[in-house]
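Peer 1: Numbering (my numbering), first residue to last: 155 to 269.
1. Are the CB atoms of residue 175 and residue 232 nearer to each other than 9 Å?
2. What does the alpha-carbon distance come out to for the pair residue 224 and residue 186?
3. Closest by CA to residue 204, which one among 189, 216 and 217?
4. Buried or exposed for residue 246, going by 16 or more other Cβ atoms inside 10 Å?
5. Out of 209, 227 and 249, state which residue places its alpha-carbon closest to the alpha-carbon of residue 172.
6. Which whole-angstrom value is the C-beta distance of residue 211 and residue 250, which I expect to be below 8 Å?
7. Does DSSP classify residue 234 as helix, strand or coil?
8. My understanding is that residue 159 touches residue 169, with C-beta atoms under 8 Å, so please give their C-beta distance in whole angstroms.
9. How would you label residue 269, buried or exposed, when you count the other beta carbons within 10 angstroms and need 16 or more for buried?
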């Protein structure tokens with residue numbers, strides 16, 4: 155299934171080594187909905203593959219509890235879907251950061267500095 159996204163054998167292997175539990179995730183209930191959501195943000199297959207390869211843990215996070223709230227927060231900061239998608243591709247680990255304990259305080263600090 156990962157190869158259908160355009161992942162090479164080496165990328166699939168790297169992904170599974172980083173997150174072996176991925177093999178036990180439901181394709182229909184877990185993985186495909188996340189990939190669909192990433193595509194709805196504006197990612198193409200190669201960007202989805204790059205993101206999963208770079209940070210496979212992303213696929214282990216809850217779509218409703220983790221990924222969507224962080225994406226919505228980025229939109230509240232003024233980002234468009236396509237900008238959120240580009241941010242996730244470049245820095246997928248951002249989606250693992252706590253909003254309340256990490257991201258919001260840092261943005262507030264930057265605002266206080268006048269940025």
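Glycine included, each C-beta is placed from N, C-alpha and C at the ideal position.
Peer 2: According to the structure data:
1. Taking the first residue of the chain shown as 1, we reach residue 175 at position 21. Taking the first residue of the chain shown as 1, we reach residue 232 at position 78. No, the pair does not count as a contact, with Cβ atoms beyond the cut-off.
2. The residue labelled residue 224 in the question sits at position 70 within the chain shown. The residue labelled residue 186 in the question sits at position 32 within the chain shown. When rounded, the distance between both Cα atoms is 19 Å.
3. Position 50 of the chain shown, counting from 1, holds the residue named residue 204. Here the closest residue by C-alpha is 189.
4. Position 92 of the chain shown, counted from the start, is the residue given in the question as residue 246. Label assigned to residue 246: buried.
5. The count along the chain shown starts at 1 and reaches residue 172 at position 18. Among 209, 227 and 249, the Cα nearest to that of residue 172 is on 209.
6. Locating residue 211 in the chain shown gives position 57, counting from the first residue. Locating residue 250 in the chain shown gives position 96, counting from the first residue. Right, the Cβ-Cβ distance comes to about 6 Å (below 8 Å), so this counts as a contact.
7. For the purposes of this step, residue 234 is identified with residue 80 of the chain shown, where counting begins at 1. If DSSP states are grouped into helix, strand and coil, residue 234 belongs with coil.
8. The residue labelled residue 159 in the question sits at position 5 within the chain shown. The residue labelled residue 169 in the question sits at position 15 within the chain shown. Actually they are not in contact, since the Cβ atoms of residue 159 and residue 169 sit about 10 Å apart, beyond 8 Å.
9. Here the question's residue 269 lines up with position 115 in the chain shown. Residue environment: residue 269 is assigned as exposed (fewer than 16 neighbouring CB atoms within 10 Å of its CB, all protein chains considered).
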